[in-house]
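Take the sequence shown: its letter number 108 is residue 230 in the working numbering, and every next letter is one higher. All C-beta atoms, glycine included, are put in the ideal place defined by N, C-alpha and C. Encoded as structure tokens, the structure appears first; notes follow it.
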Amino acid sequence: MRYQLPLPGAVTAGPVHTDRLVLLPLAVAHAEEMATVLCDPVLHTFIGGEPDTPEALRSRYARMLAGAPDPAVSWCNWVIRLRNESCLAGTVQATVSPSGRGRSAEIAWLVGTPWQGRGIATEAARGLVGWLARQSVHTAVAHVHPDNQASAAVAAAAGLTPTDRVQDGEVRWEGRLGVRRRA
């Protein structure tokens, strides 16, 4: 049986290990360092807004960690930690929801400017997608601005393909995950 229905219980972020990275479940204590990681206004070109202060991030992280208002939805958030440099470099997230075939996840990634161009977002997104498959998530979805070629490359490397659907000016990318049993 490829998919198992129903899928009880929430999905909870756990550590995800890749060759160079550890995706650590988000904690309020990450806010100070993450404010520095995400301080470049250029990062907000495609996502909007402006860099958050450490205090604003602490507040946001506390709300995120409280969980989704819908008990059927799981908010899973991680910071990206570089093993060799012992520093944070970005974030990945997945909003896991029930769908007609089991679970699907809306995913996103963001890597600080100093760490871009090193394959970190790709490695983190692949690690995230693999982890999601082990949680019986059958589909991953990302929304990518059509001018954001770097994020389009990350989505493709994570096994997603663009669709003809556009939401809020962003192209929907989708990928079926090879659901695996939990390790």
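Taking glycine 170 as reference, the option from Ala135, Val138, Gly291 and Glu296 with the minimal CA-CA separation is Gly291.
For secondary structure counted as the beta strand (DSSP E) over 3 or more consecutive residues, the region 139 to 192 holds these complete runs in sequence order: 143 to 147. By DSSP's assignment, arginine 203 forms a beta bridge with Val144 and Leu210. Excluding its 5 nearest sequence neighbours in each direction, tryptophan 237 has C-beta neighbours in its own chain below 7 angstroms: Ala211 and Gly212, listed in chain order. Threonine 134 sits in coil when the DSSP states are folded into three classes, being neither helix nor strand. Alanine 274 and serine 181 have their C-alpha atoms roughly 30 angstroms apart. The criterion of a C-beta distance shorter than 7 angstroms is not satisfied by alanine 255 and leucine 187. Here valine 263 really is in contact with serine 226; their C-beta atoms are around 6 angstroms apart, less than 8 angstroms. Cα atoms of proline 163 and alanine 157: separation of roughly 12 angstroms, rounded to the nearest angstrom. Between the beta-carbon of alanine 135 and that of cysteine 209 there is about 20 angstroms, and that puts the pair past the 8 angstroms contact cut. Across the set Ala272, Ile242, Val138 and Thr217, the C-alpha of Thr217 shows the shortest separation from the C-alpha of threonine 261. Judged by DSSP secondary structure, arginine 240 falls outside any beta strand (DSSP E); it is assigned neither H nor E.
Residue state for glutamine 289 is assigned as strand, using DSSP reduced to three classes. When the Cα atoms are used, proline 220 and valine 195 turn out to be separated by approximately 7 angstroms. If you ignore the 5 residues before and after proline 268, its C-beta comes within less than 7 angstroms of the C-beta of Val293, all in its own chain and listed in chain order. Straight through space, the alpha carbons of leucine 160 and aspartate 174 are spaced by roughly 8 angstroms.
Linking valine 144 to valine 276 through their CA atoms gives a straight-line distance of about 18 angstroms.
Annotated three-state conformation of valine 195 is coil, per DSSP.
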